[in-house]
Amino acid sequence: MPHKIALNFEDGVTRFLDCLDGEKIADAAYRRGVNIPLDCREGACGACKSHLEAGRVRMEDYVEDALSAEEEAAGMILTCKSTPLSDCVVRILSASTACFSRPQEALPVRIAALRPVSDSGFVLSVEGESLAALDFLPGQYATLTVPGTAEQRAYSFSSLVDRAANRVEFLIRRVPGGLMSGYLAERARVGDALQLSGPKGGFYLRPVVRPLLFLAGGTGLAPFLAMLELLRGRGDTQPVHLILGVNREADLVAEARLQAFAAALPAFTYTTCLATPEAPHPRTGFVHAFITPEHLHGGDVDVYLCGPPPMVTAVERTLDGLGTRPAGLYYEKFLASH
Ligand SMILES: Cc1cc2nc3c(=O)[nH]c(=O)nc-3n(C[C@H](O)[C@H](O)[C@H](O)COP(=O)(O)OP(=O)(O)OC[C@H]3O[C@@H](n4cnc5c(N)ncnc54)[C@H](O)[C@@H]3O)c2cc1C
Ligand code: FES
């Protein structure tokens, strides 16, 4: 039986849909041109996570990293896996403005520069006339095809689009044995053709109305670099603190860029920490260990976190433990490819 779905967006906009018999909520939204955050469509990435405010759904199998048991108990659903069993009200964790334009598919781009950063990763810069029409919110990501294969990998934009050169950057960690990592390390050449699809995802910088705390694990720094570029361009004055955690000293790949942001944005400060206990660094331990009450401004703070799933979970637990509920909490998990 068809059911009515009300989609409530973060910015107060509501959109109504008819969901056909047996149709998933995400498919119904796409059929009507409402591009709610979506990536794998297989219950593996968590991009489509939303809050079921009223009604009942049947959810097919999904991966626990995409939706934890606690999140499900709190009423969260994956819209790509949920078929309504009644009329429903679903809160989409994104603003309507981010959902009413379709991501662009398979834009032709070429490698403009590829810079290895120590042995742990790469800064990949791609360019192409097709990027002239690309618009994204800092924090969102694109998928890139691995040349010579039909495989795609997700990467957060680590810069805004340089409009003069139609160029954009990604910060990519080298994963031993990884398909994209292997291509970048061994075969990639300036001028190689790739396809870029995006923008995707509901992780992006909301209107900045209070202090910000950015928490990054490894290349989870990438979306924050794009956000900081935007803040610098606007001359934003809200306090911003970033805690960046990496495994080894060699992984502190973007410190020069962070120093440049700190010089240009008087209210921006950052802390780095290394996971390895014996590392020669003033702070060893995981990101969550360096969050202090001072960073939380008594709860009047928007917290953004991005990194591997265990980091996201550890930070959520730490925030619970500190007993301060931030006004806003947004995260992106860098899940392995699915
Ligand atoms: C929304 C989103 C945004 C992302 N943004 C970025 C980004 O900005 N920068 C970035 O470097 N990565 C990012 N990732 C991860 C990225 O999409 C790939 O998963 C990663 O680069 C590995 O791809 P690969 O082809 O090199 O390895 P694959 O061929 O996919 O993997 C090879 C092997 O390594 C394992 N593996 C894959 N990824 C990891 C990992 N991260 N840690 C440990 N083992 C792993 C796999 O399980 C597999 O066994 C993002 C992921 C998501 C979902
Ligand atoms: S799009 Fe639903 S879990 Fe990936």
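Residue numbers (the working numbering): 556 to 893. Don't be surprised by glycine CBs; every beta carbon is placed ideally from N, CA and C.
The C-alpha of ASP573 is placed about 21 Å away from the C-alpha of MET631. For THR873, no beta strand (DSSP E) encloses it; the enclosing alpha helix (DSSP H) starts and ends at 864 to 877. Taking a C-beta distance under 7 Å as the contact criterion, CYS643 and ILE727 do not qualify as a contact pair. A residue is called buried once 16 or more other Cβ atoms fall within 10 Å of its Cβ, and PHE571, having fewer, is exposed.
Taking the CA atoms as reference points, PRO671 sits about 26 Å from PRO865. Non-local C-beta neighbours of TYR617 in its own chain, meaning closer than 6 Å and more than five positions away in sequence, comprise GLY598, LEU633 and LYS636, ordered along the chain.
Taking the Cα positions, THR652 is about 26 Å away from ALA719. Looking at the backbone, the Cα of ALA628 and that of LYS604 are separated by about 13 Å. For ILE580, the uninterrupted alpha helix (DSSP H) run begins and ends at 580 to 586, by DSSP.
As far as DSSP is concerned, PHE758 takes part in no beta bridge. At a threshold of 6 Å, GLY733 counts as near ligand 1, since its beta carbon sits closer than that to one of the ligand's heavy atoms.
Fewer than three Cβ pairs drawn from the segment 700 to 711 and the segment 782 to 798 lie within less than 8 Å of each other, which leaves the two stretches out of contact. At least one heavy atom of ligand 1 lies closer than 6 Å to the C-beta of ILE727.
When the beta-carbon positions are compared, VAL842 and ILE798 come within less than 7 Å of each other. Per the coordinates, the alpha-carbon of TYR738 lies some 7 Å from the alpha-carbon of VAL701.
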